[in-house]
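K.L.:
Have a look at this one.
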Amino acid sequence: MQDNYSKIKLRIGVRCYSSAEIPEHTVLQMPALSPTMTQGNIAKWRKNEGDKIEVGDILCEIETDKATLEFECLDEGFLAKILVPEGSKDVPVGQPIAITVEDADDVANVPTTVCGSEAKDRSSTEQPVSHGDSKGEASTANISTSELPPHIVLEMPALSPTMNQGNIATWRKKEGDKIEVGDILCEIETDKATLEYESLEEGYLAKILAPEGSKEVAVGQPIAITVEDPNDLETVKASVKSGASVKDEKPVQKKAAKDVKSQETGFNRVSPAAKLLLSEHGLDPSSIAASGPRGTLLKGDVLAAIKSGKGSPRVAEYKQKVPISPSAHPQTSSATKSSSQQTDLYEDFPNTQIRKVIAARLLESKQSTPHLYLSTDVILDPLLSFRKELKESFDVKVSVNDIVIKVVAAALRNVPKANAYWDAGKGEIVLCDSVDISIAVATEKGLMTPIVKNADQKSISSISSEVKELAEKARNGKLKPNEFQGGTFSISNLGMFPVDRFCAIINPPQAGILAVGRGNQVVVPVLGEDGSEKPGVVTKMNLTLSADHRVFDGEVGGEFLAALQSNFEDIRRLIL
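So this is what it looks like as structure tokens:
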């Protein structure tokens with residue numbers, strides 16, 4: 024679970040309020056313990072009503088959509104009332120599950136008839152105290168749209184089929200700017216590329232809710248507000264600002280104002296898990312913003328500081344691994360002591376959204392797709408001669424990869440069963456109508472696969488021009504969705520590196536990918552003019568097919584490789 028916690032930003036809802044019937048208290052809500060969690064089950068209560076609770080105590084065990092996690096107490100007090108009993112199923116995130124009080128004498132004053140819905144209704148009338156700096160994160164302030172003039176709330180769009188969150192790379196428009204239909208509002212980094220978000224309506228950009236640099240903004244989350252009338256700009260700005268300030272100026276307990284002040288400068292308390300992380304990584308807790316109730320420094324705060332490198336200048340560049348403890352044997356104690364002084368150093372690089380998706384998809388492919396591997400060597404000399412002839416006779420410059428794309432496309436056209444994919448829903452093979460080749464292109468943000476559509480119908484020179492244009496767009500993050508979504512077959516070429524052969528991983532939902540190695544000169548027997556065999560030197564290149572065994576059986580795979588061999592032996596017929 025330690026690794027999972029490093030990826031999860033905890034959102035534990037805690038609301039405080041007081042009324043005539045109930046003494047000063049805190050309502051604990053069902054927390055969101057994973058990014059996909061919308062509800063949870065109360066597996067077990069570790070504390071009983073009336074128990075004293077300290078910071079770091081485990082209140083209960085919650086079964087999420089990922090695992091059973093412990094709900095850690097962030098404040099001292101007494102557990103006055105359990106609103107959701109042990110064994111409760113499908114409790115929505117945000118629903119009150121318990122009430123705590125500071126004074127033991129107040130436990131008896133909490134009515135026994137208080138229920139979850141009652142507490143929820145009452146707590147919703149109050150505003151939570153806002154903590155921490157929201158710079159670089161999407162705005163989470165609750166805005167009452169009924170109080171705003173006529174407006175449109177722009178949400179984070181789903182710019183690719185697999186996108187569930189995105190990063191705001193750049194805002195092209197500023198608050199107050201006039202926007203026309205087709206204007207670029209901002210650039211959004213998706214799981215595939217950095218795409219432009221076009222405006223679909225005329226108006227004015229009144230308020231940016233997700234500032235530039237916001238990370239992992241969920242699809243559907245509001246990112247901006249637009250209005251039609253420029254006179255409404257200040258009204259929207261004032262409404263949003265006043266709504267946020269009301270939250271800060273509406274303390275629900277006497278300590279709230281003090282907590283906010285301490286939040287800006289440091290912290291009041293440190294949770295046990297956060298304290299352990301601070302000790303392990305040697306971080307200064309005063310340099311980390313606390314987001315917990317009453318200025319409590321949480322585990323998530325420390326993990327965020329470690330990830331961003333803001334906790335300590337030393338951690339931003341390097342972190343030390345903990346040396347293995349000395350052996351119990353006296354004769355090895357001196358050697359162990361000297362080795363403990365030599366610590367290994369390593370550097371962390373944050374993953375881009377693209378690399379995260381690549382990692383997830385490749386893992387899914389290896390786990391769910393039965394890979395069949397078939398390999399063959401082809402003689403490259405006819406291809407090299409043909410390429411040289413094109414340059415000398417027609418001044419047409421093409422790469423080996425351009426010709427390989429044409430050869431593979433022609434082979435797929437000749438063997439239609441290889442140009443297919445597996446429909447898991449229907450449990451059957453689906454043949455593709457067109458031959459669309461995905462080309463693996465390495466970029467700084469990760470591997471991209473732009474598509475040469477209808478490659479079997481295009482000339483080698485056309486393929487060469489298109490590949491150069493698509494590769495340039497991929498490296499600059501300017502690919503449009505229709506230029507990288509789809510594809511019926513992939514090619515991964517490492518021939519420019521000292522790689523003789525390798526096996527590539529299938530890119531779902533495709534059923535095949537061809538791994539192309541470098542060309543090597545080898546000595547083989549060749550027939551001389553007199554009909555006798557003599558040693559000769561030829562250039563050979565290895566091709567390895569990774570295929571979905573549900574689509575490719577041995578016969579289809581063999582036919583496809585045979586078609587490749589035939590095309591490489593007679594390159595000229597590809598231009599006919």
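Quick note: the sequence shown uses the numbering used here, first residue 24, plus one each step. All C-beta atoms in this analysis are idealised placements derived from N, C-alpha and C, irrespective of residue type, glycine included. Note that the structure is a prediction, hence the values are computed from the model and not measured.
Extract the residue ranges of the beta strand (DSSP E) inside the segment 360–427, only unbroken runs of 3 or more that lie entirely within it.
P.N.:
394–402
K.L.:
How about the segment 290–304 and the segment 104–112: do they share at least three Cβ pairs that are nearer than 8 Å?
P.N.:
Segments in contact, no.
K.L.:
What are the boundary residues of the beta strand (DSSP E) that includes residue 493?
P.N.:
For the purposes of this step, residue 493 is taken as residue 470 along the sequence shown, with counting starting at 1. Not the beta strand (DSSP E): residue 493 falls in the alpha helix (DSSP H), residues 483–499.
K.L.:
Judging by CA-CA distance, which residue of 444, 298, 513 is the nearest neighbour of residue 476?
P.N.:
In the sequence shown, the residue the question calls residue 476 occupies position 453. For residue 476, the closest alpha carbon among the candidates 444, 298, 513 is that of 513.
K.L.:
Given this structure, state the Cα-to-Cα distance separating residue 315 from residue 227, to the nearest angstrom.
P.N.:
Along the sequence shown, one-based indexing puts residue 315 at 292. Along the sequence shown, one-based indexing puts residue 227 at 204. The alpha-carbon atoms of residue 315 and residue 227 are separated by roughly 37 Å.
K.L.:
Thinking just about the alpha-carbon of each residue, which of 60, 68, 375, 79 is nearest to the one in residue 117?
P.N.:
What you label residue 117 is simply residue 94 of the sequence shown in a count that begins at 1. Considering only alpha carbons, the answer is 60.
K.L.:
Excluding sequence positions up to five away, which residues of its chain have a Cβ less than 7 Å from the Cβ of residue 427?
P.N.:
Here residue 427 is taken as the residue at index 404 of the sequence shown, counted from 1. 514, 516, 539, listed in sequence order.
K.L.:
Confirm, please, whether the CB-CB distance from residue 203 to residue 210 is below 8 Å.
P.N.:
Taking the first residue of the sequence shown as 1, we reach residue 210 at position 187. Taking the first residue of the sequence shown as 1, we reach residue 203 at position 180. For residue 210 and residue 203, no; Cβs fall outside 8 Å.
K.L.:
Measure the CB-CB distance between residue 455 and residue 443 and report whether it falls below 8 Å.
P.N.:
Here residue 455 corresponds to residue number 432 of the sequence shown, with the count starting at 1. Here residue 443 corresponds to residue number 420 of the sequence shown, with the count starting at 1. Yes; because the gap between Cβ atoms is below 8 Å, this pair is in contact.
K.L.:
On the DSSP bridge assignment, give the partners of residue 209 in chain order.
P.N.:
Within the sequence shown, residue 209 is the residue found at index 186, counting from 1. Residue 209 is bridged to 194, 220.
K.L.:
For residue 398, which residues of its own chain have a beta-carbon under 6 Å away from its beta-carbon, when the five flanking residues on both sides are left out?
P.N.:
For the purposes of this step, residue 398 is taken as residue 375 along the sequence shown, with counting starting at 1. Cβ within range, chain order: 567.
K.L.:
Figure out for me which residue from 395, 432, 583 has the closest Cα to the Cα of residue 572.
P.N.:
Locating residue 572 in the sequence shown gives position 549, where the first residue counts as 1. Checking every option, the nearest Cα to that of residue 572 belongs to 395.
K.L.:
Using the Cβ count rule (16 or more neighbours within 10 Å means buried), how would you classify residue 450?
P.N.:
Here residue 450 refers to the residue found at position 427 when the sequence shown is read from its first residue. Under this definition residue 450 is an exposed residue.
K.L.:
Taking one C-beta from the segment 516–531 and one from the segment 372–392 each time, how about it: are there three or more such pairs within less than 8 Å?
P.N.:
yes
K.L.:
Between which two residues does the beta strand (DSSP E) holding residue 569 run?
P.N.:
The residue you call residue 569 lines up with position 546 of the sequence shown. Where residue 569 is concerned, the enclosing beta strand (DSSP E) stretches over 556–571.
K.L.:
Could you say which of 79, 178, 242 lies nearest to residue 97 if we only look at CA atoms?
P.N.:
Along the sequence shown, read from residue 1 onward, the residue named residue 97 stands at position 74. Out of 79, 178, 242, 79 has the C-alpha closest to the C-alpha of residue 97.
K.L.:
When you compare the CB positions of residue 114 and residue 122, do they come within less than 8 Å of one another, or not?
P.N.:
Counted from its first residue, the sequence shown places residue 114 at position 91. Counted from its first residue, the sequence shown places residue 122 at position 99. Cβ distance not < 8 Å, so residue 114 and residue 122 don't count as in contact.
K.L.:
To the nearest angstrom, how far is the alpha carbon of residue 511 from that of residue 464?
P.N.:
In the sequence shown, the residue the question calls residue 511 occupies position 488. In the sequence shown, the residue the question calls residue 464 occupies position 441. Spanning the two alpha carbons is a distance of roughly 17 Å.
K.L.:
In or out: residue 214 buried (at least 16 other Cβ within 10 Å) or exposed?
P.N.:
Translated into positions along the sequence shown, residue 214 becomes position 191. Buried, since its Cβ has 16 or more Cβ neighbours within 10 Å.
K.L.:
Taking residue 294 and residue 77 to be in contact with their CB atoms under 8 Å, please state how far apart those CB atoms are, rounded to whole angstroms.
P.N.:
For this step, residue 294 is matched to residue 271 along the sequence shown. For this step, residue 77 is matched to residue 54 along the sequence shown. Going by Cβ atoms, the distance from residue 294 to residue 77 rounds to 11 Å, so no, they are not a contact pair.
K.L.:
Tell me whether residue 298 sits in a helix, a strand or coil according to DSSP, three-state version.
P.N.:
To locate residue 298, count along the sequence shown from 1; it is residue 275. The answer is helix: DSSP assigns residue 298 an H, G or I state.
K.L.:
How is residue 61 classed by DSSP in three states: helix, strand or coil?
P.N.:
One-based indexing of the sequence shown puts residue 61 at position 38. The answer is coil: DSSP assigns residue 61 none of H, G, I, E or B.
K.L.:
Should residue 544 go down as buried or exposed, given a rule of 16 or more other Cβ atoms within 10 Å for buried?
P.N.:
Here residue 544 refers to the residue found at position 521 of the sequence shown. It is exposed - the Cβ of residue 544 has fewer than 16 other Cβ atoms within 10 Å.
K.L.:
Assess, as a yes-or-no matter, whether the segment 174–189 is touched by the segment 238–251 under the definition of 3 or more beta carbon pairs within less than 8 Å.
P.N.:
yes
K.L.:
Alpha carbon to alpha carbon, how far is residue 91 from residue 400?
P.N.:
Counting from one through the sequence shown, the residue named residue 91 turns up at place 68. Counting from one through the sequence shown, the residue named residue 400 turns up at place 377. The straight-line gap from Cα to Cα measures roughly 52 Å.
K.L.:
For a quick check, are the C-beta atoms of residue 102 and residue 73 less than 8 Å apart?
P.N.:
As a working note, residue 102 is residue 79 in the sequence shown. As a working note, residue 73 is residue 50 in the sequence shown. In this structure, residue 73 lies closer than 8 Å to residue 102 by Cβ.
K.L.:
Among 524, 502, 425, 467, which one has its Cα closest to the Cα of residue 479?
P.N.:
In the sequence shown, the residue the question calls residue 479 occupies position 456. Minimum Cα distance to residue 479 is reached at 425.
K.L.:
Which residue or residues does DSSP assign as beta-bridge partners of residue 506?
P.N.:
Here residue 506 refers to the residue found at position 483 of the sequence shown. Residue pairing by DSSP places residue 506 in no beta bridge whatsoever.
K.L.:
Could you give the C-beta distance for residue 216 and residue 500, rounded to a whole number, given that I count them as a contact under 8 Å?
P.N.:
Along the sequence shown, one-based indexing puts residue 216 at 193. Along the sequence shown, one-based indexing puts residue 500 at 477. Indeed, because the Cβ distance is near 5 Å, the residues count as touching under 8 Å.
K.L.:
Three-state secondary structure (DSSP) at residue 163?
P.N.:
Counted from its first residue, the sequence shown places residue 163 at position 140. Low per-residue confidence applies at residue 163: pLDDT is 43, beneath 50, and the placement is therefore not dependable, though the value from the model is reported in the following sentence. Residue 163: coil per DSSP, three-state reduction.
K.L.:
Is the separation between the beta-carbon of residue 541 and that of residue 560 shorter than 8 Å?
P.N.:
For the purposes of this step, residue 541 is taken as residue 518 along the sequence shown, with counting starting at 1. For the purposes of this step, residue 560 is taken as residue 537 along the sequence shown, with counting starting at 1. Against a cut-off of 8 Å, the Cβ pair of residue 560 and residue 541 comes out as no contact.
K.L.:
Can you tell me whether residue 461 is helix, strand or coil according to DSSP?
P.N.:
Translated into the one-based positions of the sequence shown, residue 461 becomes position 438. Of the three classes helix, strand and coil, the one that applies to residue 461 here is strand, per DSSP.
K.L.:
Enumerate in chain order the residues of its own chain whose CB-to-CB distance from residue 461 is below 6 Å, with the five nearest sequence positions on each side excluded.
P.N.:
For this step, residue 461 is matched to residue 438 along the sequence shown. For residue 461, same chain residues with a beta-carbon under 6 Å away, outside a window of 5 residues either side, are 472, 474, 510, 513 in chain order.
K.L.:
Between the segment 409–416 and the segment 582–590, are three or more C-beta pairs nearer than 8 Å?
P.N.:
no
K.L.:
Rounding to the nearest angstrom, what Cα-Cα distance links residue 579 and residue 482 in this structure?
P.N.:
In the sequence shown, the residue the question calls residue 579 occupies position 556. In the sequence shown, the residue the question calls residue 482 occupies position 459. Cα to Cα, residue 579 sits roughly 26 Å from residue 482.
K.L.:
Whole angstroms are fine: how far does the CA of residue 62 sit from the CA of residue 297?
P.N.:
Taking the first residue of the sequence shown as 1, we reach residue 297 at position 274. Taking the first residue of the sequence shown as 1, we reach residue 62 at position 39. So the two alpha carbons sit approximately 26 Å from each other.
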